[in-house]
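Residue numbers (our numbering): 16 to 262.
Following this line, the structure appears as structure tokens:
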């Protein structure tokens, strides 16, 4: 459990260092993207999910009416986590170049380490290939978890399943920006994340928790990029290349 709580601390470190000198200007655009994401998410929930939830609850047989509040909470939590997963993944794909730059600057400032340099066309090719690899990993698992909602005996624990799935996916995605910068393949990224499973789950768990806290959730995206980069760098210090200093 120590590793789990240690992993959680990286999200707090990300929040604490959001406005560190030299990092602030790389945080503003990801903050704006994160604000748009949560505004869209809550609009969707308020205008579409809530009416559908009330309709769903009204269909319950009278002998289950005393559980209507419980079913309502399960329904809202399940779909909030589902949309959170989907929105976060796709907004991160859109913001990938910005997040990669933020991860690079985090590595430069806090670890005095440089990322390998590549020609621009190779960077573009790697970025596109990386997003395809990540989607190929994410979408089948997302669909499987989505289908589980229709299995009645799993519905009471369904929000927990989504929460666990989100924690794992978000941990991979937010550590992947630093790993991609350091030319680590996506296959190797998954191995590294699995090798520090409890730390990674702790990071993903804390990202999920912050996403539920109003106002603070607007900071999620850039703070998680910083936290994920710090976790990668702390676990892989032996792989980091020192930053060249100009005298």
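By construction, the Cβ of each residue, glycine as well, lies at the ideal position given by its N, Cα and C atoms.
In chain order, what residues of the same chain lie with their CB nearer than 7 Å to the CB of residue 119, ignoring the 5 residues before and after it? Around residue 119, the same chain offers 130, 196 as residues with beta carbons nearer than 7 Å, after the five sequence neighbours per side are excluded.
- Message: Measuring straight from C-alpha to C-alpha, what distance separates residue 77 and residue 83?
- Response: 10 Å
Self-check item: Beta-carbon gap between residue 184 and residue 100 smaller than 8 Å
Solution: yes
- prompt: What's the C-alpha gap between residue 45 and residue 52?
  reply: 10 Å
Within a Cβ cutoff of 8 Å, which residues of the same chain sit near residue 156, ignoring the five residues on either side of it in sequence?
So the list reads 180, 184, once near-sequence residues are dropped.
Original post:
How many Å lie between residue 193 and residue 204 at the Cα?
Top reply: 10 Å
Item to check | Stretch pair the region 55 to 65 + the region 214 to 223: three plus CB contacts closer than 8 Å | outcome: no
Item to check | Opening and closing residue of the alpha helix (DSSP H) in which residue 243 lies | outcome: 235 to 250
Residue 47 in three-state terms, based on DSSP
helix
With a threshold of 8 Å, are at least 3 pairs of Cβ atoms found where one atom belongs to the region 241 to 256 and the other to the region 16 to 33? yes
Thinking just about the alpha-carbon of each residue, which of 54, 88, 24, 43 is nearest to the one in residue 65?
Of the residues 54, 88, 24, 43, the one whose Cα lies closest to the Cα of residue 65 is 88.
query: Is residue 207 helix, strand or coil by DSSP?
result: helix
Specify whether the region 91 to 98 and the region 160 to 180 touch according to this definition: at least 3 beta carbon pairs, one from each stretch, less than 8 Å apart. They touch, by the three-pair rule.
Does the region 222 to 235 touch the region 199 to 213, meaning 3 or more C-beta pairs lie closer than 8 Å?
no
- Got a sec, what are the start and stop residues for the alpha helix (DSSP H) residue 111 sits in? 111 to 126
- prompt: residue 191 and residue 165: beta carbons closer than 8 Å?
  reply: With contacts defined as CB atoms closer than 8 Å, residue 191 and residue 165 fail to qualify as a contacting pair.
**Asked** Among 90, 54, 49, which residue has its Cα nearest to the Cα of residue 69?
**Response** 90
So what's residue 74 in DSSP terms, helix, strand or just coil? Of the three classes helix, strand and coil, the one that applies to residue 74 here is coil, per DSSP.
**Prompt:** What is the DSSP secondary structure of residue 256, counted as helix, strand or coil?
**Reply:** strand
Exercise. Beta carbon of residue 248, beta carbon of residue 122: below 8 Å?
Worked result: yes
- Based on the DSSP secondary-structure assignment, which residues constitute the bridge partners of residue 129? As computed with DSSP, residue 129 is found in a beta bridge with 256.
| Considering only residues of the same chain and omitting the five flanking positions on each side of residue 42, which have a CB-CB separation below 6 Å? | Cβ within range, chain order: 33, 237.
Q: State the DSSP-derived secondary structure class of residue 32, mapped to helix, strand or coil.
A: coil
I believe residue 245 touches residue 63 by the beta-carbon criterion, under 8 Å. Please report the beta-carbon distance rounded to the nearest angstrom.
Going by Cβ atoms, the distance from residue 245 to residue 63 rounds to 37 Å, so no, they are not a contact pair.
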